[in-house]
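For the sequence shown, position 49 (counting from the first letter as 1) is numbered 106 according to our numbering, and the numbering increases by one without interruption.
Ideal Cβ placement from N, Cα and C applies to all residues, glycine included.
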Amino acid sequence: MEGTNLTVVIEFILLGFSDLPKLQGFLFGIFFVIYMIILMGNALIIVITQVDPSLQTPMYFFLGNFSFLEICYTTVTLPRILMNLWTQNRHISFAACATQLCIFLILGLTECFLLAVMACDRYVAICKPLYYPLIMNHKVCSRLVAGAWMSAIPVVIVLAYQIFSLPFCGSNKLNHIFCDIHPLLKLACGDTSLNELSVYIDGALFGMVPFLLILVSYIKIITAILKLPSVMGRYKAFSTCSSHLMVVGLFFGSALIVYVRPKSSHSAGIDRIFSMFYTIVTPMFNPMIYSLRNKDVIRALKKVLPK
């Protein structure tokens, strides 16, 4: 543009928690402890689902994969947050930001699909118990997990390409704790309405569809449980499903608020809080939710952990 001085953005500055200068060391300590809890808790779930013979079932196969996913999911964002807090160097290159966003979205959508697969597994186990070993055999379970991991890749690559093909020619200050869609679109020059529409459509299809599948599965599960004649049987069935429902509520509740609500209601502070829920808080509580509410997992932990 003739007569106008434009600066092409080649890197971004993640503002993160720069508005809390006196709390940088405290925040680093908190996030470091949380990261260690996430790594150790989810790694322990992976180990016990692999070594304990009583946990060699489809439910725990999915749980082990889910724990591995949670480790990957937090590793995409938390180490960068820790580095920014420790060094106070908040710069991230254009390529690194694109890579972080791409991997983050792939893992996030994979989590949506995997939670839906776990709900379907519980539906078959409770509503069709006689056919459960036949339907949920190892080959089917492996294909479901592979499908959950692979389905998101082409969608995310197209979405990330659309976002990073936009011209970034103004401020490079990203008001977020990691590279995410809405903060990036705020920095883009020109009209981003088509990109925002694409985000909402993808969010509705690949976020709401798994959520509705989970909802339908659990409506059928609860209906089947209420028909059980034994009180103990109903309690055991509810106990098995309640852990998964708690994780679904934490993850989908916070993620849908960030990605599906109208643009006019977006706020950097609110987005930052809710994004911490589905990227940090949920992965931290998952091992606790699944272990404290599951007698089989507690029994396996007692075998593995030193007395």
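Ser150 is bridged by DSSP to Glu68. The C-beta distance from Phe74 to Leu139 rounds to 11 Å, too long to fall under 8 Å, and the pair is not in contact. Closest option to Ile95, judged by alpha-carbon separation, among Cys154, Ser199 and Thr134: Thr134. Partner residues in a beta bridge of Leu285, as assigned by DSSP, do not exist. If you check the CB distance, Phe119 and Pro267 do not come in under 9 Å. Counted as a single uninterrupted DSSP element, the alpha helix (DSSP H) harbouring Pro211 occupies residues His195 to Phe221. Residue state for Leu231 is assigned as strand, using DSSP reduced to three classes. Close CB contacts of Tyr188 within its chain, under the 8 Å cut and outside five residues either way in sequence, are with Val181 (chain order). In this structure the stretch 276-296 does not lie against the stretch 248-257, because fewer than three pairs of beta carbons, one per stretch, are closer than 8 Å. The beta-carbon separation of Phe235 and Phe161, rounded to 7 Å, stays under the 8 Å limit for a contact. For Tyr189, the enclosing alpha helix (DSSP H) begins and ends at Tyr189 to Ile192. In this structure, the CA atom of Leu77 is about 51 Å from the CA atom of Lys196. DSSP, read as helix, strand or coil, puts Cys184 in helix. Proximity of the stretch 351-358 to the stretch 97-113 meets the contact definition, three or more beta-carbon pairs being nearer than 8 Å. Out of Ala281, Gln81, Leu72 and Thr339, the CA that lies nearest to the CA of Lys185 is found in Ala281. Residue environment for Phe83: exposed (fewer than 16 other C-beta atoms within 10 angstroms of its C-beta). In the displayed model, Thr280 falls within a helix according to three-state DSSP. Taking 8 Å as the upper bound for CB-CB distance, Leu231 and Leu244 are in contact here, some 7 Å apart. Within the same chain, and ignoring the five residues on either side of Ser111 in sequence, the residues whose Cβ sits closer than 8 Å to its Cβ are Asp353, Arg356 and Ala357. Contact check for Thr156 against Thr336 fails: the beta carbons are separated by 9 Å or more. At the C-beta level, Cys198 and Leu270 stay beyond 9 Å of one another. When Leu302, Ile330, Ser299 and Cys298 are compared, the shortest CA-CA separation from Ser311 is found for Ile330.
Leu126 and Arg147 have their alpha carbons spaced roughly 26 Å apart. Under the three-state reduction of DSSP output, Asp353 falls in the helix class. Annotation: Val338 to Phe309 spans about 13 Å, alpha carbon to alpha carbon.
The three-state reading of DSSP puts Thr131 in helix, counting H, G and I together.
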